[in-house]
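With UniProt numbering as the guide, the letters of the sequence shown map in order to residues 1 to 609.
Ideal Cβ placement from N, Cα and C applies to all residues, glycine included.
The structure displayed is predicted, hence computed values, not measured ones.
Here's the structure, in structure tokens; my notes come after.
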Amino acid sequence: MESNDSDIIEQQDLIKFKVNDPNLPSTSHKSEIEQLPITYDSDNLQLPLSDQSSVPFISRNFNFNGVVETSKKKNITNKRVWDKVDHCLFCENSVTNFTRHLIRKHGNEIEVIRFMALPKGSAERKTEADILRKRGNFLFNVDGNTKIKPVRRPYEFETKTSVVTDYLPYKHCLGMFKKKYLHRHFKICKNLKSKTNTRNQPQADGQNIILTFSETDEPLLKNVFPRMAPDQISLVAKSDNLIKAFGTRYLKSHKEKHLIAVVSQKMRTLARYLIAMKEENNQIFSLEDCLTPKYFDSTVKCSQQVAKYNKLTNSYASPSVILKLGQLLKQCCKIAELIFLKEQHGNVNQQENIKAVQNMKYLIETQWSHEISSNALKDITQKKWNKPAILPLTSDIKLFRNHLLKIENESYNKLKVNPENLHAYRDLQDSILAQLILLNRRRSGEIQRIHLDTYTNSISEISQKEIVQALSPMETELTKSFKRIVIRGKRGRGVPVLFTPHLQKRLQYLLQLRKIVSFINKDNPYLFPLTQSPNNCVRASDVIRKFGDECGAQHPENITSTRLRKHVATATQLLNLSEGDIEQLSTFMGHSVNVHKEYYRLSDNAFQV
């Protein structure tokens, strides 16, 4: 089935197929075809519009506790046993000879007409039949049956090593394969036409196909779920309604793209807790069931289990998980209470559910610190005490800067000769990015996410005459030559970024190249775009690490954006700046004076030594 013969509306609950070719006869099974899953594309996912409510949905009911259909290699007569049956997508019957069944019983169907028009024995004809076969078997697999039909059935003696959770469908052809071999099928899938630019995340996409999602899950399905590791923890996170509601709410209040990874981490933390609670009590089926006062003691026990609590030493291997989990559970209590409030008044248990969630939230707020979080916080504090404060050496910083200038000049000269030199473009862009971090001592994430519009539309002139008159001649000249922009810092603070005339010149050259080179997407909004990507930027931390290893520094592992910021704070401590100067420096660095003194300065004992 060619993609240019039809319009495909792809969605997770319903995939609707519309025929635009007027020369083909109408099908007698229109309702089945409209509900038929064709393919799943996480890169171009479209949910049904509100006015399409009359279209039925296919609810995924994949039986994770089922068994895998097996094959008998030979019978007692030493002949092959032809016992494989396929599920017909039109009549929903199981048939042994799939292609013959299509021709005899469904010759008027659009897909079968297209299949029969191909030459007998041709590879194209076999491919079309295979596509229809996989689609029919996919309907069987997600219909709650006790068995699943994989593309390759394992032999009977392999049943102990073949379990349902080892299989996932491939998103383009819907064939069921062992998940560890999905990446191999990606290279040979016959239904991969016009999909060459699709991200290869077969296991994550396969998990999304076999689950049921609502329209409210669209942001998670597009942005978060494809990034999750395709394991049991992610499967629980994608299946639980309250965990999904938490992720949706977090995305609504945090629009920054880099926080998508944070959403994934928080949802997986809740999923690990839910898995532990299910193992502790067989009456718990969802996170909502956990949010009652009678399970508070179990919550404490399972939270310790998730944080890897050691009873002998009374310590945690991951103490920060305890602190995070307490906050996450309180937020989930608020979301659950909101869900119960929105329920219809006819629900007799509405008030009881609301009261139970409120009481659970009260217990977490009042007892969590006494039960577990106080010891976890002590573990974190003690680990910080014993961790030495190591700052980059001044000599290493000099080597780092000289290496950046060398890379910049070499790549600039190469681009002058050949503007399409991708490697030289990356080196020039990365060297400028690293120099900006070194000059401004900004957090790496803040610099890498500077938008192109922010840089090009900024105004650096000082309009107040009183301020200009108070400056020295050298300071006045610097205000004219330096470019200043304001970007979003931590906690929503506006923080400045300065550009020297030299960096401005190099950036202007890069902006000119962006208009003519083929490896930069013209719609990429970032000042430092990732090559051949429409909406991603360069990772500044990787850039600093790369140049730090190349520059020949004595301790390249200490050259990071955070330690460069601490280096400035320590240097100002040695200079004994006034309180006013410290306040100005703290504002420029994007934090308060107390944070500057408490976290960024070197410890008192090291300073005294």
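| Query | Result |
| --- | --- |
| Nearest candidate by alpha-carbon position, reference Val321, set Gln304, Ala336, Leu312 | Gln304 |
| Spatial distance of Thr127 from Lys120 (CA atoms) | 12 Å |
| Neighbourhood of Pro525 by C-beta distance below 8 Å, restricted to the same chain and skipping five residues each side | His451, Leu452, Asp453, Asn535 |
| Alpha-carbon spacing of His564 relative to Ile372, whole angstroms | Contrary to the premise, residue 564 reads as Leu rather than His in this sequence. Distance between the alpha carbons of Leu564 and Ile372 is about 35 Å. |
| Sufficient close CB pairs (3 or more, under 8 Å) joining the region 217-224 to the region 391-410 | no |
| Inter-stretch contact at 8 Å, needing at least 3 Cβ pairs: the region 363-383 / the region 511-528 | no |
| Supposed contact pair Thr248 and Asp217 - C-beta distance, whole angstroms, cut 8 Å | 7 Å |
| Pick from Ser315, Leu291, Ile339 that is closest to Leu328, judged by C-alpha positions | Leu291 |
| Continuous alpha helix (DSSP H) stretch holding Ile243: start and end | 241-253 |
| CB of Pro169 within 9 Å of CB of Gln201, strictly | no |
| Opposing strand residues paired with Asn310 [DSSP bridges] | Ser315 |
| Distance CB(Glu446)-CB(Val495) smaller than 9 Å | yes |
| Through-space distance from Gln532 to Thr39, alpha-carbon basis | Unreliable positioning characterises Thr39 in this predicted model, as indicated by a pLDDT of 37, which lies under 50. The coordinate reading is nonetheless provided below. Looking at the two C-alpha atoms, the distance is approximately 26 Å. |
| Separation of Lys416 from Leu436, as counted between CA atoms | 23 Å |
| Distance cut-off 8 Å: His172 Cβ against heavy atoms of the ligand HEM | You won't find the ligand HEM in this model; it holds no ligand whatsoever. |
| Simplified DSSP assignment, three categories, for Phe140 | helix |
| Classification of Ser431 by the beta-carbon crowding that lies within 10 angstroms, buried from 16 upward | buried |
| Exposed unless 16 or more other CB atoms sit within 10 angstroms - verdict on Thr313 | exposed |
| Neighbourhood of Arg272 by C-beta distance below 7 Å, restricted to the same chain and skipping five residues each side | Ile233, Val306 |
| 6 Å Cβ shell around Phe499 - same chain, five flanking residues per side excluded | Lys483 |
| Opening and closing residue of the beta strand (DSSP E) in which Leu174 lies | From DSSP, Leu174 is part of no beta strand (DSSP E); its letter is neither H nor E. |
| Beta-carbon proximity of Ser71 to Asp86, cut-off 9 Å | no |
| Pairwise C-alpha distance: Phe62 and Phe138 | 10 Å |
| Beta-bridge partners of Val497, as assigned by DSSP | Ile485 |
| Backbone CA spacing between Glu156 and Thr299 [nearest angstrom] | 42 Å |
| Val81 versus Val236: straight-line alpha-carbon distance, rounded | 39 Å |
| Boundaries (first-last residue) of the alpha helix (DSSP H) holding Pro202 | 202-209 |
| For Ser318 and Phe285, the rounded distance between their alpha carbons | 26 Å |
| Within 9 Å, strictly: CB atoms of Ile335 and Phe400 | no |
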